[in-house]
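J.: Handing you this structure, nothing more for now.
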Amino acid sequence: MRSQDLLHSNRCGESTAMALGGLTRGLRRLGAGTAGDGAAALRTAGNRVLADSARRAPWMVAAVVATTLVQVVATLLVPAATAVAIDAAVRGDGLGSALGRLALLLMVMTAAMGADELVSAYFGSALTADLRHRLVRSVLGLGTASTRRFPPGDVVARLTENAASPASFLPTLLSALATVLTTLGAVVGLAVIDGRLALTFLAGVPLAVLLLRVFLTQAGDAMLQYQQRLASLAARLLDAHRGARTIRASGTVEQDIDRVLAPLPGLNDSGRAIWSAQRGVSWQISLLVPMLQVAVLAVGGYALSTGSITAGQLVAASSYVALALGIVGVLDSLVALLTCQVGAGRVAEVLDSPRPVTTPVAPVSLPNGRGRLDLRGVRLREGETTVLDGLDLSVHAGTCVALVGRSGAGKSALASLVGRLRDPDDGTVLLDGVDVSTVDPHELRKSVAYAFERPAMLGETVADLIGYGTQPTERGVRQAAEVAQAAGFIRLLPDGVATPLDRAPMSGGELQRLSLARAVLRDARLLVLDDATSSLDTATELKVAEGIDQVRGDRTALVVAHRVATAARADLVAWLDDGRVRAIAPHRRLWSDPGYREIFSARLDAEHDENPDTVVRT
């Protein structure tokens, strides 16, 4: 069952979530000013995500809270019922009814424990599913920005480990709360029996609170560093797996093993710091516990000798002091809660990242057109770098325009704006006279087709890859493959277009041709080729270009070009320099400019080096 079907809200759930938020704020205040700013901020963000998740599952939160409260009440009533039974046995009167009440309490407590385990497990699964769904949506919603800020290995760590750890937050928090409530109830029980018993126990509470605060101080930053270093290890391993062929060819296996495992010493240090903090507090609490227990029982023994309490009450007091001392177990819960908070905080970093593309409030439709494109005063920044600086460009419908410029000139950035893979920081992008930021995203995706330099292998089969994002016929897939010059090698695959991708090893050029086939299949009014033929040989590139020109007809094409031949075939070339259009003219005319020719100097093929004029005339 999808988590969305489980998560709904009502007034009862809102109240429960508010209570949960109060508990997390209390925990945060306990550690306020103790951990580093990074850890504190991450835990604060994690608390926000956890509270939001609780609001999404109100009934489950209410059920977990209810079963926990029942356990607490039953646990506190058992010692009192035991005392009544013992005193009844001493008196020889009413033992049967006393034992019956005690048995009933034990059955209720056992049933509540079983129900709590069941509901907590169900809630944890629903919370994990919800966080993973939201995380995946956020990563995909960030688009290309996600790969710059969150490397693939880091995303995998957040999706698997970090998104799963908050599942135990509510049960652990309520367990800690139950321990605190049980301790308070036990102290009340001691006070009811004899006020001196409660005062003796309370004398050690300030020291216990101080020890717990010291633990939060020492463990907060260490927990954050542990999670970050673990994610770094996963990211390095994934990078090495992707580059296994290059590593092998370079003979750098041992060096890369060292590189992948470089975070391990830091990971070890962080883990030891957590254990050290826990050990340092644990032994002190271990001394405090028996001292308090002996002190309370000594006072109880004295009260029994003076006749102030009964034998049954002394037994109850012994049980109550044991329950009250259960507060020392909250240390382990704090470790688990810190892990949950940091995990949720790392999820929150992705969820809270600003989206590069926003959904229009009132989306509009594109008019009929052939893909006229206008960029007006477009500015785009990446961090502190201005990639496009007030760029203006008009591409008439039906024109093929090549984007040319040095590395970093903003060619791919500009191409990403026209289909709203990203939004500009300033300026407007118009498609057939309509601001693309106001167009329905689904309609825009159908109107702008992309092919990239390094296409992703999406789908299950070759046909899925070509038809990804559409619902094509087999005939349409085959025709698109013919246009992209991919039909030849597809016929050599075991099952043709039905061949699973994991059984279809392909070169970079073959994969690019499938990506081109996918763009052709969309039949869009604007075709964007982002260096999509860079892995093709010259002859194949020419055939692909001719095929695309035939099916493109009078629609518009925008081509990021690094080859002279690619720029020469375009109707016009837009020369980008310093984030603006330096010139727009046919390639032949621009070729006379030494600055323009220099752009291609590092990429000229052997035949280009021998006779560039041949390329210009192509």
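In terms of UniProt numbering, the sequence shown opens at residue 1 and continues consecutively. Ideal placement from N, C-alpha and C gives every residue a C-beta, glycine not left out.
1. Taking DSSP as the reference, what is the three-state secondary structure of Gly383?
2. How far does the alpha helix (DSSP H) with Leu131 in it extend, from its first residue to its last?
3. With the cut-off set at 8 angstroms, would you say Arg379 and Leu388 are in Cβ contact?
4. Using DSSP with H/G/I as helix, E/B as strand and the rest coil, what is Ile309?
5. My output table needs one value for Val357: the three-state DSSP class, helix, strand or coil.
6. Can you name the residues that DSSP bridges to Leu403?
7. Grab me the residues of Thr128's own chain with a C-beta within less than 7 angstroms of its C-beta, minus the 5 sequence neighbours each way, in chain order.
8. In the DSSP output, which residue or residues are listed as bridge partners for Leu590?
9. Can you list, in chain order, the residues of its chain whose CB lies under 7 angstroms from that of Gly21, leaving out five sequence neighbours each side?
10. Cβ of Gly224 within 8 angstroms of Cβ of Val342?
11. I need the straight-line Cα distance from Gly31 to Ala222, nearest angstrom please.
12. Going along the chain, which residues of its own chain have a beta-carbon closer than 7 angstroms to the beta-carbon of Leu458, five neighbours each way excluded?
13. Which of the three DSSP states is assigned to Phe489 in this structure?
14. Report the residue from Val260, Tyr226, Gln228, Leu230 whose alpha carbon sits nearest the alpha carbon of Gly242.
15. Ala273 and Thr82: beta carbons closer than 8 angstroms?
16. If you measure between the beta carbons of Ala570 and Ala519, is that distance less than 8 angstroms?
17. Would you mind working out which of Ala487, Ala557, Leu521 sits nearest Thr540, comparing C-alpha positions?
18. Taking the beta strand (DSSP E) that Phe452 falls in, what are its first and last residues?
19. So for Thr160, helix, strand or coil by DSSP?
20. Of the choices Ala103, Arg503, Leu493, whose alpha-carbon is the least far from that of Glu460?
21. According to DSSP, is Pro367 part of a helix, a strand, or is it coil?
22. Rounded to whole angstroms, what is the Cα-Cα separation between Leu529 and Pro424?
23. Counting only the same chain and skipping the five closest in sequence on each side, list residues whose C-beta sits under 7 angstroms from that of Gly345.
24. Taking DSSP as the reference, what is the three-state secondary structure of Thr499?
25. For Gly427, which three-state DSSP category applies?
26. Would you list the one or two residues that DSSP bridges to Ser270?
27. Ala74 and Val119 look like a contact to me (Cβ under 8 angstroms); what is the Cβ gap, rounded to whole Å?
28. Which residues share a DSSP beta bridge with Leu526?
29. What are the residues that DSSP puts in a beta bridge with Thr461?
30. Note down the Cα distance separating Pro472 from Arg478, rounded to an integer number of angstroms.
31. Measuring straight from C-alpha to C-alpha, what distance separates residue 620 and Glu382?
32. I need the boundaries of the beta strand (DSSP E) containing Ile584, first residue and last residue.
33. To the nearest angstrom, how far is the alpha carbon of Val434 from that of Asp352?
34. Have a look at the DSSP bridge pairing and note the partners of Asp435.
35. Do you know offhand how far Asn368's Cα is from Val418's?
36. From the DSSP secondary-structure annotation, give me the bridge partner or partners of Leu373.
T.: For this structure:
1. coil
2. 95-142
3. yes
4. coil
5. coil
6. Val560, Ala574
7. Ala163, Ala164, Ala167
8. Paired residue(s): none; Leu590 is not in a bridge.
9. Confidence at Gly21 is low in this model, with a pLDDT of 42, below 50, so the placement of that residue should be treated as unreliable; the coordinate-derived value is given next. If we look at Gly21 and ignore the five residues flanking it on each side, its Cβ neighbours are Ala51.
10. Per the sequence shown, the amino acid found at residue 224 is Leu instead of Gly. Yes, the Cβ-Cβ distance between Leu224 and Val342 is below 8 angstroms.
11. At Gly31, the pLDDT of 42 sits below 50, so the modelled position is not reliable and the matter cannot be decided from this model.
12. Leu465, Tyr468
13. helix
14. The sequence given here has Arg at residue 242, not Gly. Checking every option, the nearest Cα to that of Arg242 belongs to Val260.
15. no
16. no
17. Ala487
18. 448-452
19. helix
20. Arg503
21. coil
22. 20 angstroms
23. Leu42, Arg43, Ala45, Gly46
24. coil
25. strand
26. Partner(s): none; Ser270 has no beta bridge.
27. With a Cβ gap of about 17 angstroms, Ala74 and Val119 do not count as contacting.
28. Val448, Thr556
29. Pro500
30. 10 angstroms
31. Outside the shown range of the chain (1 to 618) lies residue 620, about which nothing can therefore be said.
32. 580-585
33. 30 angstroms
34. Leu430
35. 17 angstroms
36. Val395, Leu431
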